[in-house]
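S.K.: Numbering (this note's numbering), first residue to last: 1 to 133. All residues carry an ideal CB built from backbone N, CA and C; glycine is no exception. Quick one: structure below, then a few questions.
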């Protein structure tokens, strides 16, 4: 019986850790989203994973890419979290977005836990609602 209780607590501990990781990842996405709202390129850039920083080597270059390629993420009327999945050090998070023109989008963010324990955004895919992937 004692072994069973230990196993149950270990499993529950893993579930809550995952829930904590998802909440942390959502906090990173929300913080970047708020940095976009403020046009704070340096802060928005700070949430990008190293591989993204290699492609876009400066905050202003990164911000220009977001403004031009991810307008619904950059400026929107609503930004609400949907389903999330976690596997190992990776988290995927869906975000329901209504852009500045009132059109619905779905973003799929991916994040990876870094060696320091923080989560950084590794990618964001956008799909207009009603279109097939």
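Need the endpoints of the alpha helix (DSSP H) that residue 34 sits in, please.
M.R.: Note, residue 34: alpha helix (DSSP H), 2-37.
S.K.: Closest by CA to residue 85, which one among 110, 71, 97?
M.R.: Closest by alpha carbon: 110.
S.K.: What number of angstroms, rounded off, separates the C-alpha of residue 103 from the C-alpha of residue 125?
M.R.: Roughly 16 Å separates the two Cα atoms.
S.K.: Hey, does residue 102 have any beta-carbon neighbour from chain C nearer than 7 Å?
M.R.: Looking at the structure shown, chain C is missing, and only one protein chain is on hand.
S.K.: Use the C-beta contact count for residue 55: other C-beta atoms within 10 angstroms, 16 or more gives buried, fewer gives exposed.
M.R.: Exposed is the call here.
S.K.: For residue 93, does the three-state DSSP call read helix, strand or coil?
M.R.: The answer is strand: DSSP assigns residue 93 an E or B state.
S.K.: Provide the residue(s) that pair with residue 121 in DSSP beta bridges, ordered along the chain.
M.R.: The partner list for residue 121 (beta bridge, DSSP) reads 48, 111.
S.K.: When DSSP labels each residue in this structure, what does residue 79 get in the three-state scheme?
M.R.: Correct three-state label for residue 79: strand.
S.K.: Across which residues does DSSP place residue 66 in a beta bridge pair?
M.R.: None; residue 66 has no bridge partner.
S.K.: Tell me residue 129's beta-bridge partners as DSSP assigns them.
M.R.: None; residue 129 has no bridge partner.
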